[in-house]
Structure formats: C-alpha cells, structure tokens
Amino acid sequence: MKDTLKEPVASSDSELESSQKATPLRCFIASIISGVFAFGLYLLFSSIVQTYATKTITSNSAIAINLASAVRTLVMGTVALATGVFGMVAIGIFLLGIQLMIQNFKKA
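This is the structure:
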C-alpha cells in the first residue's frame with residue numbers, strides 16, 4: 001500500500017527554517033497567551049470550589065453520595081491539572097525567551 005498523504009514541500013530550506021524558528025518575541029507572546037489561559041482556569045477553579053463548598057450533596061443513598069463526591073473530585077482535579085499545566089508552560093516559554101535573548105546578545 002502506498003501512502004496517499006504527501007508532505008508539504010517548502011520552496012527553500014531557509015523559508016522553512018525561518019517559519020519555525022523560535023524567537024524571543026514569539027516566546028514572550030506565547031507565554032502571555034498561556035498565562036492568560038492559566039489565570040482564566042484559576043478563576044474557573046476557584047469558582048468551582050466555591051460552588052461545591054456552598055452546595056452540599058443532599059441524598060439518603062450512600063452510592064449517590066459517593067458518586068457525587070467522586071465526580072466533584074474528578075472535576076476539580078482536572079481543572080487544577082489544566083491550570084498547573086498552562087502555568088508551567090507559561091513559565092517555561094518565558095524562560096526560553098530569556099535564554100534566547102541572552103544567546104542573541106552573546107552572538108552580537
């Protein structure tokens with residue numbers, strides 16, 4: 001069987017290289033975007049926690065209480081994980097931008 005998918009061919013290697021090269025400006029913009037996502041997810045997380053804290057589970061069934069508790073834990077854990085991931089990515093990309101700036105100053 002032949003692959004029917006063809007990879008895009010760049011007109012020159014320098015064009016491909018320049019379109020994918022990391023620059024300090026790209027790093028700082030990406031860091032800001034990721035930080036905004038992390039901050040938004042943090043606000044969502046705190047809102048979810050406040051909602052869950054004020055609304056208790058009202059049921060007589062032990063299975064329903066355990067299931068509701070598990071779902072609440074899963075939702076809070078997922079949002080907390082996403083917040084942490086976006087926050088760490090923002091920090092990492094920001095530090096990459098600083099490293100690229102230092103390397104550019106050393107070259108010049």
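Sequence positions in the sequence shown follow UniProt numbering and run 1 to 108.
Don't be surprised by glycine CBs; every beta carbon is placed ideally from N, CA and C.
Original post:
Taking only beta-carbon atoms, is asparagine 60 less than 8 Å away from chain B?
Top reply: Structure shown: chain B not included; a single protein chain is present.
Original post:
According to the Cβ coordinates, are methionine 76 and isoleucine 48 closer than 8 Å?
Top reply: The residue labelled residue 76 in the question sits at position 76 within the sequence shown. The residue labelled residue 48 in the question sits at position 48 within the sequence shown. Yes, the pair counts as a contact, with Cβ atoms nearer than the cut-off.
**OP:** Inspect the beta-carbon positions of alanine 22 and leucine 96 and report whether they are closer than 8 Å.
**Re:** On the sequence shown, residue 22 is found 22 positions in, with the first residue counted as 1. On the sequence shown, residue 96 is found 96 positions in, with the first residue counted as 1. Yes, the pair counts as a contact, with Cβ atoms nearer than the cut-off.
Subject >> threonine 54 - containing alpha helix (DSSP H), residue span >> reply: Start at 1 with the first residue of the sequence shown, and residue 54 comes out as number 54. First-last of the alpha helix (DSSP H) with threonine 54: 24–54.
Subject >> Whole-Å CB distance - valine 79 paired with phenylalanine 39, under 8 Å assumed >> reply: As a working note, residue 79 is residue 79 in the sequence shown. As a working note, residue 39 is residue 39 in the sequence shown. Their Cβ separation, rounded to whole angstroms, is 13 Å, which puts valine 79 and phenylalanine 39 out of contact at 8 Å.
**OP:** Give the secondary structure of asparagine 60 by DSSP, where H, G and I count as helix, E and B as strand, and everything else as coil.
**Re:** Within the sequence shown, residue 60 is the residue found at index 60, counting from 1. Here asparagine 60 carries a coil assignment [DSSP, helix/strand/coil].
Original post:
Any idea if serine 31 is buried or exposed, counting beta-carbon neighbours within 10 angstroms, 16 or more meaning buried?
Top reply: What you label residue 31 is simply residue 31 of the sequence shown in a count that begins at 1. Classification for serine 31: buried.
**OP:** With a cut-off of 8 Å on the beta carbons, I'd call threonine 83 and tyrosine 42 a contact; round off their distance for me.
**Re:** Translated into the one-based positions of the sequence shown, residue 83 becomes position 83. Translated into the one-based positions of the sequence shown, residue 42 becomes position 42. Threonine 83 to tyrosine 42, Cβ: 5 Å. Contact.
Original post:
Could you give the C-beta distance for phenylalanine 37 and phenylalanine 86, rounded to a whole number, given that I count them as a contact under 8 Å?
Top reply: Taking the first residue of the sequence shown as position 1, residue 37 is located at position 37. Taking the first residue of the sequence shown as position 1, residue 86 is located at position 86. Yes, phenylalanine 37 and phenylalanine 86 are in contact; Cβ-Cβ is about 5 Å, under 8 Å.
Original post:
Is DSSP giving alanine 108 helix, strand or coil here?
Top reply: Taking the sequence shown and counting its residues from 1, one reaches residue 108 at position 108. Coil, per DSSP.
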